[in-house]
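Those protein sequence lines, which keep their order, are chains P and A. Going by this note's numbering, the first sequence opens with residue 14, and the numbers climb by one from there. Going by this note's numbering, the second sequence opens with residue 14, and the numbers climb by one from there.
Number of protein chains: 2
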Amino acid sequence: MGSKGQLLVISGPSGAGKGTVCKALIEKSPIWISTSCTTRKPREGEVEGVNYFFIERDEFLNRIDKEDFLEYAEVYGNFYGTPKSEVLKMLEEGKDVILEIDIQGALKIKSSYPKGIFIFIMPPSMEELRNRITNRGSETPESLKTRMECAYDEISFASKYDYAVVNDKVEDAVKKIESIIVAEKCRVFKIKDELLGRF
Amino acid sequence: MGSKGQLLVISGPSGAGKGTVCKALIEKSPIWISTSCTTRKPREGEVEGVNYFFIERDEFLNRIDKEDFLEYAEVYGNFYGTPKSEVLKMLEEGKDVILEIDIQGALKIKSSYPKGIFIFIMPPSMEELRNRITNRGSETPESLKTRMECAYDEISFASKYDYAVVNDKVEDAVKKIESIIVAEKCRVFKIKDELLGRF
Chain P
14 MGSKGQLLVI SGPSGAGKGT VCKALIEKSP IWISTSCTTR KPREGEVEGV
64 NYFFIERDEF LNRIDKEDFL EYAEVYGNFY GTPKSEVLKM LEEGKDVILE
114 IDIQGALKIK SSYPKGIFIF IMPPSMEELR NRITNRGSET PESLKTRMEC
164 AYDEISFASK YDYAVVNDKV EDAVKKIESI IVAEKCRVFK IKDELLGRF
Chain A
14 MGSKGQLLVI SGPSGAGKGT VCKALIEKSP IWISTSCTTR KPREGEVEGV
64 NYFFIERDEF LNRIDKEDFL EYAEVYGNFY GTPKSEVLKM LEEGKDVILE
114 IDIQGALKIK SSYPKGIFIF IMPPSMEELR NRITNRGSET PESLKTRMEC
164 AYDEISFASK YDYAVVNDKV EDAVKKIESI IVAEKCRVFK IKDELLGRF
């Protein structure tokens, strides 16, 4: 029996660049990224199975009943959830899996799947976070203020995670996550039985 | 100020190749390797400050009294010890430090310096360990048997370590240790105060 895959749960405040980091990571490494389900309608340009699996409300509720979500939440009347069976199947096959997920979702997964590796992507500084959000050009002064306050609150959750990776340069952040994956596979408490079984 | 260095304590059964791995690691990475003190006489070819610091018994006993060893042991009438002040100074300056040390010594350091990162170098298999020890050509059948039994006992101590690295290929083992060093610098419980202090 080979060792099973590892579940990486990656969060961070909006603007920390977790999407960019995850995208660069899956391009370089043999990691499978889980796609969430949602009941909201696709936006222009969104692709089924890439951005989300777009499913009907009834199906979503049905899958909640069958406990087929690692976590789910209702936001502004729409459901969002992480499908369980597919993630567990990949892990069972020995594949490493990434979930890029918000902090509330990550904390729910931490209680249901504590074996996961919880990584928090940090902006290098609040100034840099402000620059990144401002450069998107879609914020009013008021919404920028709200987002910065929200990010500040979110950063305090970093202490609930196993690792914090400062996203100064994307390639450096990716290398750190790759190192975390390698190191976690050497952790004695995870591999003890398999390793000592050889001798 | 700034993050301090990390202490890597590297052990493993004789024949696992920990010496080769440590040598390759310090050639590649900016890590300082601690040199032990001993009261035994230098052997042919051994260099003061490289293999050991060769010191007199009185000086060794004096330094024990001054608690200047992270750990020490007496083996066949000779003392061996890891100098404390130099290691702590390097760590304080932010340098990562390796101690290549036997299992008993490592376990002593674990109780006196639990912040250390304890890495156990494993042979890929008992067969391979036997080959490596045999290929040195210096063993009689009897001493080989003793060494293999001793190695077998030692391997059971792997469970006391944080990480186990199988030394199949030296360069792979070195990469894994480098990954462990990088990952440990991202561990939230170590960097929380410094990291959250920025925000």
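Positions of the beta carbon are idealized from the N, C-alpha and C atoms, including for glycine.
- At a cut-off of 7 Å between beta carbons, V183/A makes no contact with chain P.
- With respect to the 7 Å criterion, V34/P and I134/P are classified as neighbours on the basis of their beta carbons.
- For E106/A, there is no enclosing alpha helix (DSSP H), as DSSP marks it with neither H nor E.
- DSSP places T33/A in the uninterrupted alpha helix (DSSP H) bounded by 31-41.
- DSSP lists I134/A as the beta-bridge partner residues of V178/A.
- Taken atom to atom, the span from the alpha-carbon of Q19/A to that of A86/P is near 40 Å.
- Counting of Cβ neighbours within 10 angstroms places E140/P among the exposed residues, the total staying below 16.
- When rounded, the separation of the alpha-carbon atoms in I204/P and K102/P is 20 Å.
- Here G118/P carries a helix assignment [DSSP, helix/strand/coil].
- Judged by their CB atoms, D175/A and I130/A are nearer to each other than the 7 Å cut-off.
- With a cutoff of 7 Å on beta-carbon distance, V201/A and K189/A are scored as not near each other.
- Below the 7 Å Cβ cutoff, chain A contributes L208 as neighbours of M135/P, in chain order.
- The straight-line gap separating the alpha-carbon atoms of R70/A and G32/A is approximately 26 Å.
- Residue pairing by DSSP places C50/P opposite F66/P, G94/P in a beta bridge.
- Here DSSP, grouped into helix, strand and coil, assigns V88/A to strand.
- By the CB criterion at 7 Å, I111/A and E167/A fall outside the cutoff.
- Note on V63/P: under 16 other CB atoms within 10 angstroms of its CB, so exposed under the neighbour-count rule.
- By the 16-neighbour rule on beta-carbons within 10 angstroms, R76/A is buried.
- A check of alpha carbon separations from L120/P across A29/P, K173/P, G28/P identifies K173/P as the nearest.
- Within the DSSP bridge table, the entry for E61/A names Y65/A as partners.
- Listed by position along chain A, the residues whose Cβ is nearer than 9 Å to that of D175/P are C199, R200, V201, F202.
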